[in-house]
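Okay, so the sequence shown: first residue is 26 according to this note's numbering, each after it adds one. Read through the structure below, which is laid out as structure tokens, and then see the notes.
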Amino acid sequence: TGTVILGKVLFSLTTEEKVPFTFGLVDSIEGPCFAVTVYNMVQSWGVLIGDSVAIPEPHLRYHHIQHQNKSFTFSSLRVDTPLLLVVNGRVQRSHNQAAATIAYQAQSE
């Protein structure tokens, strides 16, 4: 408890699905790069290369992948909502979080 990861955005990944939003975060030139994945954000939300980001109480995972006789190791951080982030000293507002929706269809008997 009381842990915060602070770093600069190094890159962002874009996919057709826009959600989740994934970006690379480094705390120093020599330090590790974390893949940060943010869920439950509106599609227009994102961070820019060079932004400062603070992630309190991070959910850290270590990955080791073997593919075509090559080995890849990296760390990732899962962020369940952008409201948990502080970007360039600013707490993220509620309009940056996607609203939950429920869909239903009435069935006839």
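Positions of the beta carbon are idealized from the N, C-alpha and C atoms, including for glycine.
Am I right that residue i and residue j are in contact with their C-beta atoms under 8 Å? What's the rounded C-beta distance?
i	j	result
F46	W70	7 Å
V34	I74	5 Å
T101	T62	It should be noted that the sequence gives Ser, not Thr, for residue 101. Indeed, because the Cβ distance is near 6 Å, the residues count as touching under 8 Å.
V104	G32	Actually they are not in contact, since the Cβ atoms of V104 and G32 sit about 13 Å apart, beyond 8 Å.
By DSSP, does residue i sit in helix, in strand, or in coil?
i	result
P107	helix
S133	coil
S119	helix
A60	strand
P45	coil
P83	coil
V72	coil
V112	strand
Is it right to say residue i is buried, meaning 16 or more other beta carbons lie within 10 angstroms of its own, or is it exposed?
i	result
V72	buried
I135	Because the chain here runs from 26 to 134, residue 135 falls outside it and cannot be looked at.
I80	buried
L38	exposed
L110	buried
Taking Cβ to Cβ, would you say residue i is nearer than 8 Å to residue j?
i	j	result
P83	T28	yes
M66	V51	no
Touching or not, the segment 54 to 63 and the segment 113 to 131, by the rule of three or more beta carbon pairs under 8 Å? Contact fails: fewer than three Cβ-Cβ distances are below 8 Å.
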